[in-house]
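Step one of this worksheet: look at the structure below.
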Amino acid sequence: TKLYSRPDNVWCSEGLAPLVVRCDVDSYLQPPFTDHFPIITIVELPQERVVPTPSFNFRKADWAEFTLDLTENVIAMPEPRPLGTSEEIQDAAAALTQALQESIRATIALNKPCPHSRRWWSPELDILRREVNQMSRVVFRNRAVPLHHSHAEHRQLSNAY
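Residue 1031 in the working numbering sits at position 37 of the sequence shown, and the numbers go up by one each step.
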């Protein structure tokens, strides 16, 4: 038709209106065989960053040193005796928890995680990934031989990974 239509079909709530940075028609992005132009809307939404809390790195703990320190803390606790009341049980549990926490703070290093780190990743997965990549290269070299043993090995390694 060679007639251009420019509908103003942009809706925004009152709460969102102050966050709109740009709302404009972009004629360069006109789809083929259409008589309308796309409306480009840029909204600036506030995004709060989550600061990862430091935790204890139990994977790299020196367990012999931890056991020694915990033994010293448990020896410093009151002598074991029959617990008759609920308050005595609570006090004994609090003393044991305190001994554990003191030993953890004294012997286990803090872990300061990066916000982009994969906390589920482990050194074992690193080794498995390397093995799968090596086997993938062997499989690629033998791609013309479908019954080659490397295909089955690659499948097993991939499943384990």
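In this text, a Cβ means the ideal position worked out from N, Cα and C, and glycines have one as well.
Contact check for residue 1077 and residue 1083: beta-carbon distance about 5 angstroms, within the 8 angstroms limit, so the pair qualifies. Counting C-beta pairs with one atom in each stretch, the stretch 1056-1063 and the stretch 1101-1114 have three or more that are closer than 8 angstroms, which means they touch.
The shortest CA-to-CA distance from residue 1133 to any of 1144, 1123, 1125 is the one to 1144.
Scanning 1024, 1094, 1081 for the CA closest to the CA of residue 1069 turns up 1094. With respect to the 8 angstroms criterion, residue 1006 and residue 1019 are not classified as neighbours on the basis of their beta carbons.
The beta carbon of residue 1016 sits closer than 6 angstroms to the beta carbons of 1036 from its chain, once the five residues preceding and following it are set aside; these are given in chain order. Going by C-alpha positions, residue 1042 is about 32 angstroms away from residue 1117.
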